[in-house]
Amino acid sequence: MTAGMTKVLVVDDDAQILRALRINLTARGYQVLTAVDGTGALKAAADGLPEVVVLDLGLPDMPGTEVIAGLRGWTQVPIIVLSARTDSTDKVDALDAGADDYVTKPFGMAELLARLRAAVRRASVGQVDGEPVVKAATFTVDLAAKRVVRDEAEIHLTPTEWGILEQLVRNPGKLVGQRQLLQEVWGPAYGKETNYLRVYLAQLRRKLEPDPAHPRHLITEPGMGYRFEP
């Protein structure tokens, strides 16, 4: 299998490693994007839409696991973690956060290229990603950065409010059932506590809807669930 023009995002704050990977991957037909920190990585991913990400865990501005979580908010792009850390706990944390593979530094270029090819192959039969930024008429949700902006001001959401909103905006126009929402946000042991949803949807509407009493974006389907209408 040849790389073609597969687009890969390489994230590492070590200038030598970044340069070596860029040269080697470009020579093998990859289109290479680079970033030196987590903030730059999330922006590069949102702007460039890479088909695979090679990510160092030890970044200067945020843990690599936070970058993985930010990406997983909107994309299933394969993520191969690079790290000098050999503790199995770090590997487990990265994989639990959503990484697909793990390569320990120092690594051989042949091994990394094989992992890249395998990741791209697996992804080629996967799902189509959504957009990282979802715009409603009165507010904008950035799934990668986990930010909500209304009237040019960032709106603070609690983790639970964010969890509910994320589930809804990732399924625009579709009914998300009460049980599904409860289990996604609170956990598999929940399914009947519909009063939780009423309380938190009311809070979200107060923060995001122009007229919370007559919502236009966060719609209740009585007895069934909720729907996000952009």
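Everything in the sequence shown is counted per full-length UniProt numbering, starting at 1 for the first residue and increasing by one.
Note that the Cβ used here is the ideal one computed from N, Cα and C, for glycine as well.
In whole angstroms, what separates the C-alpha of residue i from that of residue j?
i: A41; j: A69; result: 12 Å
i: I79; j: A20; result: 19 Å
i: L25; j: Q31; result: 8 Å
i: P60; j: V10; result: 15 Å
i: L113; j: A123; result: 15 Å
i: P172; j: V120; result: 28 Å
i: V128; j: V169; result: Residue placement at V128 is flagged as unreliable, the pLDDT there being 44, under the threshold of 50; the coordinate-derived value follows with that caveat. If you take the alpha carbons of V128 and V169, they lie about 16 Å apart.
i: R206; j: Q167; result: 18 Å
i: A3; j: I23; result: At A3 the pLDDT is 47, less than 50, meaning the model places this residue with poor confidence and gives no usable figure here.
i: A213; j: W162; result: 20 Å
i: L95; j: I17; result: 22 Å
i: residue 231; j: K192; result: This structure cannot speak to residue 231, because the chain is shown only from 1 to 230.
Out of the options, which has the shortest C-alpha to C-alpha gap to residue i?
i: P106; options: A202, L208, V81, Y30; result: V81
i: F139; options: F228, L18, K7; result: F228
i: Q203; options: L165, R22, N171, E184; result: L165
i: L197; options: P212, G225, P188; result: G225
i: residue 233; options: G64, D151, A153, T194; result: Since the first residue shown for the chain is 1 and the last is 230, residue 233 is missing from the structure and cannot be characterised.
i: M5; options: A15, R28, R22; result: R28
i: D14; options: K207, S83, K174; result: S83
i: A136; options: A118, R150, K146; result: R150
i: D100; options: L71, G108, A110; result: L71
i: G38; options: V77, V92, G108, A144; result: A144
i: V54; options: R115, K91, V176; result: R115
On the criterion of 16 or more Cβ atoms from any shown chain inside 10 Å, does residue i qualify as buried, or is it exposed?
i: P132; result: buried
i: D47; result: exposed
i: T154; result: Position check: residue 154 holds Glu in this sequence, whereas Thr was assumed. Label assigned to E154: exposed.
i: P50; result: buried
i: V134; result: buried
i: H217; result: buried
i: G126; result: In this prediction, G126 has a pLDDT of 46, which is less than 50 and means its spatial position is unreliable; what the coordinates show is noted afterwards. It counts as exposed.
i: T75; result: buried
i: A45; result: buried
Got a sec? Which residues, its chain only, sit under 7 Å from residue i by beta carbon, not counting five neighbours each side?
i: residue 275; result: Lying outside 1 to 230, the shown extent of the chain, residue 275 is not represented and no answer is given.
Item checked: Unbroken stretches of the beta strand (DSSP E), 3 residues or longer, contained in the region 45 to 78 -> 52 to 56
Note to self: Which runs of the alpha helix (DSSP H) at least 4 residues long sit entirely within the UniProt DNA-binding region "OmpR/PhoB-type" (131 to 230)? Give them in chain order.
What the structure shows: 159 to 169, 178 to 185, 194 to 208
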